[in-house]
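Contents: one structure, followed by commentary.
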Amino acid sequence: LFFHGGGWITGSPDQFKWFAEKFAACGIVSALVEYRVHSRHGSLPDSAVEDAYNAYQWMYRHHAQFGVNTAHIALVGGSAGGHIAAAGALTFTSSITSNYEGTDTAPPFALGLLNPVLELTVAKKS
Numbered sequence: 075l076f077f078h079g080g081g082w083i084t085g086s087p088d089q090f091k092w093f094a095e096k097f098a099a100c101g102i103v104s105a106l107v108e109y110r111v112h113s114r115h116g117s118l119p120d121s122a123v124e125d126a127y128n129a130y131q132w133m134y135r136h137h138a139q140f141g142v143n144t145a146h147i148a149l150v151g152g153s154a155g156g157h158i159a160a161a162g163a164l165t166f167t168s169s170i171t172s173n174y175e176g177t178d179t180a181p182p183f184a185l186g187l188l189n190p191v192l193e194l195t196v197a198k199k200s
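When we follow this note's numbering, the leftmost residue of the sequence shown carries the number 75, and every step to the right adds one.
This is the structure in structure tokens:
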């Protein structure tokens, strides 16, 4: 699953279209995830992580239709998408998701983090 960058404000799944096409040419199923961004939905980053979780669950439930091995689902993202992928690895199978229906998923098999946003604290001027 590919998650585009854009600072949670903008961006397009097409950012990783080239990668997805190259993987597909090698027989690797790829999906470009469109998640809520602030410029179009007025949303915050937590909504993007929720959308990513829903995409992961969807792929997990529909794996047979696409020939996906559920033990080998990877999360890949750049910038804000890297944050979403990393957050997904930490939350998709944890107690955080225990209130969601259908959480019988395995953790992501691998992460591809391309310049991910991992530090979210705000620096203060001294």
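Just so it is clear, CB atoms sit at the ideal spot from N, CA and C, and this is done for glycine as well.
Thinking C-beta only, is Gly141 closer than 8 angstroms to Asn189?
no
Proximity below 8 angstroms, CB of Phe77 to CB of Tyr109
yes
Verify whether the separation of the beta carbon atoms of Ile83 and Val123 is less than 8 angstroms.
no
Sort out for me which residues DSSP pairs Phe76 with in a bridge.
Leu106 and Val150
Around the Cβ of Ser169, are there at least 16 other Cβ atoms within 10 angstroms (buried) or fewer (exposed)?
Low local confidence applies: a pLDDT of 47 at Ser169 is under 50, so the model's placement there is unreliable, and no value is given.
On the criterion of 16 or more Cβ atoms from any shown chain inside 10 Å, does Ile147 qualify as buried, or is it exposed?
buried
CB of Phe97 within 8 angstroms of CB of Ser104, strictly:
yes
What separation, rounded to the nearest whole angstrom, lies between the Cα atoms of Phe183 and Tyr134?
12 angstroms
Which first and last residues belong to the beta strand (DSSP E) in which Ala184 is found?
Ala184 to Leu188
I need the straight-line Cα distance from Thr171 to Ala161, nearest angstrom please.
Residue confidence is low: Thr171 scores 48 on pLDDT, short of 50, so the model does not pin down where it sits. Its coordinate-derived value is still stated next. Computed Cα separation, rounded: 12 angstroms.
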